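In this note's numbering, the protein residues as written are 3 to 548. Each residue gets a CB set at the ideal place from its N, CA and C atoms; glycine is no exception. Computed from a predicted structure; not experimentally measured. Here's the structure we're looking at; comments come further down.
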């Protein structure tokens, strides 16, 4: 039995000959308490050999039940840490690795089924990622792939990230095509094989829903229910409402539905949580949506007519929502709902700042360096103010306030893809030219949608400037959780102010800035103290160079 099952893997096809020809190597494969280096084919004591062979037979018999099709057909592994060398040991001991983050599954099928293959799942490429989009495939079906080569580009909740191949083989099937969206983490997106001649066998391959949504052990109990379902289905169709509560408990808050069912539900404005799936393990299929619409036609007809009448009176265009915009919307909504915001605004005189910037840019041009912007000076001033008032460089948890020792400033960048906030790390320790160069590079990567997770994660405070680019006089920004503060920078404007004499007047440029604070972390006096420090650096910019 064991030798037959081991033939499913190309790497283990020689195991059957080992079991019959080489008793010493049998010990090396199955006897864990004997080190391979201590085995000598010509000098193994008979009693020791018998003991180990007995141990080996016991291990094979003990592990044999786990080599059934239901438990042996799929092995879940962490894509970033698994090594092929450990596969042999885990298979022979009947161990199936259950990682919380499923990246790939290796299938071992019978002679009448598909050849050995590996299912590549949608990986989790950022801490907040629950689904992703296939931006572009860099390999095509039939291509040879090697470890480290980029298979495709995945659009995550924050950026577009390259997905690398971890094992050598051939790309047999691309399951999720280029441009497909909202693919759940763990869903199969591609299949690789070890032998090139096996590629053609996966031409019409489709991953089963039960493999990705439930343990394979449930498959063995699937055959009996069909007879019952055939009898019960007619009775359940007229009363879809009665089956509503039974759908969600099987998978918590997550609803499993086929892509076609999701698309139809979206078109018909149907809430998937109101439907009980009849597919494998409760999967909602297209037929379930059709049945629901047929049985509930009276309920949805009135709203549909009202919506149709409203839509007919309006001229509009439906714009697809990108993944980054969805995440931005959910995070900002969470921020406004859970963070007690308050706002502090001050006017800062920027005449000296503008004068210093002109002098520095003259030096930069003479040395071939990049020009320094007003925003670069604002970032530097904000970083130094955070170092002077570290209470504002903190975040809230339910049990304590975490105060950061690094001053990492996120800079809001608007692009065609949405709003990005790349981070300038240790901004308080960097010079103005370095800050300016980093901001330019990060803004370029944001507009090209090529930011990596390390480019935007780990910020402790955010600066948003709508003054310079757009001329906005003053605005209030929303705190970017888990941070506790964000600075909104407006435009500079010329004003008439009193001069030194009684009836003397002069012109000066003022820039309005507004600090949005999380009141759980930053009290009003602390926020005012930070703004005072910031204003001091802006109005006396030479102190930033000391």
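Residue j beta carbon less than 7 Å from that of residue i
i, j, result
"residue 483", "residue 337", "yes"
"residue 525", "residue 481", "no"
"residue 510", "residue 349", "no"
"residue 499", "residue 469", "no"
"residue 124", "residue 191", "yes"
"residue 130", "residue 347", "no"
"residue 522", "residue 398", "yes"
"residue 466", "residue 479", "yes"
"residue 486", "residue 396", "yes"
Buried versus exposed call for residue i [16 or more other C-beta atoms within 10 Å across all chains shown]
i, result
"residue 443", "exposed"
"residue 463", "buried"
"residue 119", "buried"
"residue 157", "buried"
"residue 460", "exposed"
"residue 210", "exposed"
"residue 63", "Because residue 63 carries a pLDDT of 42, less than 50, the predicted location of this residue cannot be relied on, and the following value inherits that uncertainty. Exposed."
"residue 543", "buried"
"residue 447", "buried"
"residue 440", "buried"
"residue 189", "buried"
"residue 271", "exposed"
"residue 472", "exposed"
"residue 456", "exposed"
"residue 319", "exposed"
"residue 432", "buried"
"residue 382", "buried"
"residue 402", "exposed"
"residue 529", "buried"
"residue 438", "buried"
Rounded C-alpha distance that separates residue i from residue j
i, j, result
"residue 146", "residue 180", "19 Å"
"residue 385", "residue 154", "38 Å"
"residue 325", "residue 419", "9 Å"
"residue 539", "residue 427", "20 Å"
"residue 215", "residue 121", "Low per-residue confidence applies at residue 215: pLDDT is 43, beneath 50, and the placement is therefore not dependable enough to give any value."
"residue 537", "residue 436", "22 Å"
"residue 430", "residue 494", "24 Å"
"residue 322", "residue 390", "44 Å"
"residue 2", "residue 534", "Lying outside 3 to 548, the shown extent of the chain, residue 2 is not represented and no answer is given."
"residue 376", "residue 263", "52 Å"
"residue 250", "residue 182", "Only weak support exists for where residue 250 lies, its pLDDT of 41 falling under 50; the value from the coordinates is given anyway. When rounded, the distance between both Cα atoms is 26 Å."
"residue 284", "residue 174", "29 Å"
"residue 297", "residue 277", "12 Å"
"residue 185", "residue 116", "25 Å"
"residue 489", "residue 279", "48 Å"
"residue 335", "residue 342", "13 Å"
"residue 502", "residue 508", "9 Å"
"residue 532", "residue 425", "21 Å"
"residue 200", "residue 171", "11 Å"
"residue 504", "residue 512", "22 Å"
Residue range of the beta strand (DSSP E) that includes residue i
i, result
"residue 511", "507-520"
"residue 421", "420-422"
"residue 349", "343-351"
"residue 121", "119-123"
"residue 116", "Here residue 116 belongs to no beta strand (DSSP E), and DSSP marks it neither H nor E."
"residue 416", "415-417"
"residue 458", "From DSSP, residue 458 is part of no beta strand (DSSP E) but of the alpha helix (DSSP H) over 455-458."
"residue 173", "171-176"
"residue 471", "Run containing residue 471: none in the beta strand (DSSP E); it sits in the alpha helix (DSSP H), 469-472."
"residue 489", "487-500"
Residue range of the unbroken alpha helix (DSSP H) whose run includes residue i
i, result
"residue 194", "Element bounds for residue 194: not the alpha helix (DSSP H) but the beta strand (DSSP E), 190-195."
"residue 441", "434-449"
"residue 396", "Looking at the DSSP string, residue 396 is not in any alpha helix (DSSP H); the run it does join, the beta strand (DSSP E), is 396-398."
"residue 156", "Careful: residue 156 lies outside any alpha helix (DSSP H), inside the beta strand (DSSP E) at 152-157."
"residue 333", "325-340"
"residue 264", "261-269"
"residue 376", "376-390"
"residue 540", "526-541"
"residue 295", "288-297"
Supposed contact pair residue j and residue i - C-beta distance, whole angstroms, cut 8 Å
i, j, result
"residue 128", "residue 160", "6 Å"
"residue 359", "residue 379", "6 Å"
"residue 406", "residue 518", "18 Å between Cβ atoms; not a contact."
"residue 454", "residue 187", "Contact doesn't hold; Cβ gap of about 19 Å is too wide."
"residue 266", "residue 288", "6 Å"
"residue 527", "residue 475", "At roughly 27 Å, the Cβ-Cβ gap does not stay under 8 Å, so residue 527 and residue 475 are not in contact."
"residue 413", "residue 423", "7 Å"
"residue 143", "residue 167", "Incorrect: roughly 14 Å between the Cβ atoms, too far for contact."
"residue 363", "residue 374", "6 Å"
Residue-level contact to chain D via CB, residue i, 7 Å cutoff
i, result
"residue 364", "Checking the listed chains, one finds no chain D in this structure; it contains a single protein chain."
Closer than 6 Å: residue i CB and nearest the ligand MG heavy atom
i, result
"residue 372", "Ligands are entirely absent from the displayed structure, and the ligand MG is therefore not among its contents."
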